[in-house]
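Chemist: The structure under discussion is supplied below as C-alpha cells; questions concerning it will follow.
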Amino acid sequence: MQTATPPVLKDPVVQIRGAFPDAVQDVIEFRGETTVVVDPAHIVEICRFCRDTEGLEFNLFSDMTCVDYYPNDPRFALCYHLYAMFDNRRLRLKVYLAGDEPHIESVTSVYPAVNWQEREAFDLMGIMFDGHPDMRRILMPRDWVGHPLRKDYPLGYETVQFTFNYDEIQRQKPMAQQ
Amino acid sequence: MGIVSSKLGNMGVVTTSLETMVNFGRTGAMWPMLFGLACCAIEMISAESPHYDMSRFGMELMRASPRQSDLMIVAGRVSRKMAPVLRQLYDQMPNPKWVLAMGDCASCSGVFNNYAVVQGVDEIVPVNVYVAGCPPRPEQLIHGIMTLHEKVRGEHMSDWASPRD
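First to last, the sequence lines map onto chains G and V.
With my numbering, letter number 149 in the first sequence gets 149, and the count goes up by one each step, no holes.
With my numbering, letter number 98 in the second sequence gets 98, and the count goes up by one each step, no holes.
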C-alpha cells in the first residue's frame with residue numbers, strides 16, 4: 001500500500017507560513033493540538049497546499065464546524081479539521097468571518113467530503129459558500145426561514161402551559177380536526 | 001353477547017347486534033402501522049416481542065404499508081421535516097383508522113420545546129388515545145391499546161355510516 005521509504009515529515013505550521021506568509025494570522029498550540037488561523041480569502045489554496053504537498057499529506061477531511069460569537073466582531077468562525085492518515089497527524093484551520101451574512105469560498109473542489117458540512121453550516125448558521133455545487137438546506141425543511149443555531153434565534157417555541165394560562169394557550173394551539 | 005335461543009334447542013345459534021359484531025371485528029384484528037420514529041419505537045418493539053405479547057390482541061402483524069393497516073402508533077418525536085410525511089401516510093390509510101400517540105413527545109413534544117419538533121402530533125392528525133411516559137413501558141402501551149379497544153367497542157354505527165340516498 002505504501003511506498004517502501006517512509007515519507008519525510010514536515011512541520012505544517014512552518015510550511016504554511018513559508019508558502020502563505022501574509023495569510024496566516026495566528027498559530028495556537030494547546031495540549032498537542034495545532035490551530036492555524038488563516039485569512040478567509042486563501043482558504044481553498046491553503047487546503048489544497050495541505051493536501052498535496054509532499055510530507056504534509058492531510059488527505060482525510062475530518063470535520064468542519066461553525067461557531068457564533070454573537071456580540072463579538074468578527075461574529076462567525078469556521079473550523080476545518082484535517083487529518084493525515086499516513087502519520088496520524090491532525091491540524092485545525094480556523095477562519096474568522098465578520099458580518100451577519102458572510103460569504104466564503106467553498107472547499108468542495110479540494111475535499112469533496114465538506115459538501116454536507118457546508119450545507120449544514122449554511123442551514124443552521126447562515127454562511128453562504130460560493131461555488132458550492134448543491135447549496136440548499138439539509139436539516140430544516142426546505143422553506144424554513146431563519147437560521148436556528150444562531151445566538152439571536154429564539155430558544156424555546158411555545159409558552160409552557162400551566163394551570164393559570166391553560167385556557168388561553170389551548171385556544172391558540174393548532175389542532176388537527178380531521 | 002346476546003340471547004341464545006333456548007327454545008330451539010342447542011342449535012349453536014347466537015343472536016347479537018350488528019354494531020357489536022362490527023366492533024368485535026375491528027378490535028379483534030387491528031393491525032398497527034410501523035411508525036416507530038425514536039426511542040419509543042424500542043418499547044413498541046418490545047411490546048410486540050414474546051415477553052409482553054401484543055399478538056394475543058390480534059396485532060401480530062405490523063404492516064409497513066399504510067394501505068393495509070388500521071392503527072397508527074406514533075412512537076417518538078415528530079420533527080418539522082417529518083410532519084408532511086406523517087400526514088401523507090395518515091391520509092393513505094383507509095377508514096376505519098385510529099391514531100395512538102405513544103409517549104410524551106408524540107402527545108405534547110415532551111421535553112423538546114423548540115423549533116425542530118412538532119409540539120404534539122395532534123397538530124397534524126386527530127389522535128384517539130394518548131399514552132404518557134418517556135418512554136411508556138410495554139404494559140402502559142398495552143393499556144393504551146386496551147383503552148382504544150374499549151373506545152371502539154363503544155362506537156355506534158350512526159357515527160360513521162350514512163343512510164344511502
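All residues carry an ideal CB built from backbone N, CA and C; glycine is no exception.
Compare the C-beta of Gln178(G) with all C-beta atoms of chain V and state if any pair is closer than 9 angstroms.
Modeler: Output row for Gln178(G): interface = yes.
Chemist: Is Ala47(V) buried or exposed, if buried means 16 or more other CB atoms sit within 10 Å of its CB?
Modeler: Residue environment analysis places Ala47(V) among the buried positions, since at least 16 neighbouring C-beta atoms fall within 10 angstroms of its C-beta.
Chemist: Would you mind telling me which residues of chain V sit closer than 7 angstroms to Gly156(G), beta carbon to beta carbon, in chain order?
Modeler: Near Gly156(G) (Cβ distances below 7 angstroms), the residues of chain V are Asn113 and Asn114.
Chemist: Can you give the Cα-Cα distance for Thr20(V) and Ser79(V), rounded to whole angstroms?
Modeler: 39 angstroms
Chemist: Between Asp122(V) and chain G, is there a C-beta pair that is closer than 9 angstroms?
Modeler: Output row for Asp122(V): interface = yes.
Chemist: If we ignore side chains and look at the alpha-carbon of each, how far apart do Met129(G) and Asp123(G) end up?
Modeler: Residue identity check: residue 129(G) is Phe in the sequence provided, not Met. Approximately 11 angstroms between the Cα atoms of the pair.
Chemist: Could you tell me whether the Cβ of Trp144(G) comes closer than 9 angstroms to any Cβ of chain V?
Modeler: yes
Chemist: Indicate the three-state DSSP secondary structure (helix, strand or coil) for Leu34(V) in the structure shown.
Modeler: coil
Chemist: Would you mind reading off the limits of the alpha helix (DSSP H) that contains Glu120(G)?
Modeler: Val114 to Met125
Chemist: For the segment 93-124 of chain G, which residues have a beta carbon sitting closer than 9 angstroms to at least one beta carbon of chain V?
Modeler: none
Chemist: Quick check: is the beta carbon of Pro174(G) nearer than 9 angstroms to any beta carbon in chain V?
Modeler: Pro174(G) counts as touching chain V.
Chemist: Use the C-beta contact count for Lys97(V): other C-beta atoms within 10 angstroms, 16 or more gives buried, fewer gives exposed.
Modeler: buried
Chemist: If contacts are defined as beta-carbon pairs under 8 angstroms, then Pro136(V) and Gly103(V) qualify, I think. What distance do you get, rounded to the angstrom?
Modeler: Pro136(V) to Gly103(V), Cβ: 6 angstroms. Contact.
Chemist: Spatial neighbours of Pro66(V) within its chain, please: CB distance less than 7 angstroms, with the 5 preceding and 5 following residues excluded, ordered by chain position.
Modeler: Exclusion of the five residues before and after Pro66(V) leaves Met33, Leu89, Gln92 and Met93 as the residues of its chain whose Cβ lies within less than 7 angstroms of its Cβ.
Chemist: If I follow the unbroken beta strand (DSSP E) through Asp68(G), where does it start and stop?
Modeler: Leu60 to Asp68
Chemist: Just tell me which of Tyr80(G), Asp152(G) and Lys94(G) has its CA closest to the CA of Val38(G).
Modeler: Lys94(G)
Chemist: What three-state label does DSSP hand His149(V) in the structure shown?
Modeler: helix
Chemist: Which chain V residues sit within Cβ distance under 8 angstroms of Val160(G)?
Modeler: Asn113
Chemist: Rounded to the nearest angstrom, what separates Ala235(V) and Met146(V) at their Cα positions?
Modeler: Any question about residue 235(V) goes unanswered here, given that chain V covers just 1 to 165.
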